[in-house]
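Residue numbering for the sequence shown follows the working numbering, beginning at 7 and increasing consecutively.
Yeah, the Cβ is synthetic: ideal placement off N, Cα and C, and Gly gets one too.
Predicted, not measured: the structure shown is a model, and the values here were computed from it.
Okay, so here's the structure we're looking at.
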Amino acid sequence: MNVTLIDYGAGNVTSVERALQRLGAASQRSHSPECIAKAEALLLPGVGHYAALIRALDERALRAPLLDAIKRGVPFLGVCLGLQALYETSDEAPELSGLHLLPGPVRSLPATVKLPHMGWNQLKLSRPSRLLQGISADAYFYFAHSFAATNVNGEAVALCNHGADFAAVIEKQNIYAVQFHPEKSADAGAQLLRNFLRLAA
């Protein structure tokens, strides 16, 4: 099984690629609609601005093949902005339309706390999770973001708090996503990626 990393110009593609290599997983980068349409598993990493991600998907004609692949059951993992893109809109670029795979907007975290939310934080499990299997309930994960899905719906299996509760881990059928960076989250992050690879196999 080969994981296709959607390369839209984000800075963390290389670190995600290396994290998968350490687990013995085969991966390839792609920004071609044809490659995404044929993918066995998809991973959308995300660093930077929401507008850069959404515009890159549209300018490279990746939105339709990505949505088609997800809708036909291809396992998908979104990381950071890759989670936020699943929703309808984001306060970071309200004029742009997200992927509409999950309902509602992505909001700015409250100005009452230090932004960005940068560093290690813990999760609050809201229901049993396939991605978090074998990971200690008190594990820490590495976050780096100022926007999040704060109108939490049933797709969130784990929350985190930084001024407000927000979706930290999402699982909905073949759609998986995390607001933190597993590739920077030491052993817990490696186990999460291992779990995704097992689920995608």
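Residues bridged to residue i (per DSSP)
{"i": "residue 82", "result": "48 and 181"}
{"i": "residue 190", "result": "Partner(s): none; residue 190 has no beta bridge."}
{"i": "residue 148", "result": "126"}
{"i": "residue 203", "result": "Residue 203 is not bridged to any residue."}
{"i": "residue 131", "result": "164"}
{"i": "residue 8", "result": "32"}
Contact set for residue i: own chain, Cβ-Cβ below 7 Å, skip 5 residues either direction
{"i": "residue 199", "result": "25, 26, 29 and 188"}
Assumed close pair residue i, residue j - CB separation to whole angstroms, cut-off 8 Å
{"i": "residue 186", "j": "residue 147", "result": "4 Å"}
{"i": "residue 175", "j": "residue 205", "result": "Contact flag wrong, Cβ pair sits at about 13 Å."}
{"i": "residue 49", "j": "residue 80", "result": "About 11 Å separates the two Cβ atoms, so there is no contact after all."}
{"i": "residue 5", "j": "residue 155", "result": "Since the displayed the chain opens at 7 and closes at 207, residue 5 lies outside it and no answer follows."}
{"i": "residue 57", "j": "residue 92", "result": "That belief does not hold up - the Cβ atoms of residue 57 and residue 92 are roughly 16 Å apart, past 8 Å."}
Contact with chain D by residue i, beta-carbon distance below 7 Å
{"i": "residue 192", "result": "No chain D is present in this structure, which holds just one protein chain."}
Contacting residues, own chain, Cβ-Cβ under 8 Å from residue i (five flanking each side not counted)
{"i": "residue 39", "result": "66, 67, 68, 70 and 71"}
{"i": "residue 195", "result": "25, 147, 148, 186, 187, 188 and 189"}
Pairwise C-alpha distance: residue j and residue i
{"i": "residue 170", "j": "residue 95", "result": "19 Å"}
{"i": "residue 42", "j": "residue 122", "result": "31 Å"}
{"i": "residue 157", "j": "residue 109", "result": "9 Å"}
{"i": "residue 129", "j": "residue 33", "result": "28 Å"}
{"i": "residue 191", "j": "residue 151", "result": "15 Å"}
{"i": "residue 75", "j": "residue 9", "result": "13 Å"}
{"i": "residue 201", "j": "residue 179", "result": "15 Å"}
{"i": "residue 60", "j": "residue 98", "result": "11 Å"}
Short Cβ contact (7 Å threshold) for residue i with residue j
{"i": "residue 132", "j": "residue 165", "result": "yes"}
{"i": "residue 52", "j": "residue 88", "result": "yes"}
{"i": "residue 115", "j": "residue 168", "result": "yes"}
Residue i CB to nearest heavy atom of the ligand HEM below 6 Å
{"i": "residue 147", "result": "Because no ligand of any kind appears in the structure shown, any question about the ligand HEM cannot be addressed here."}
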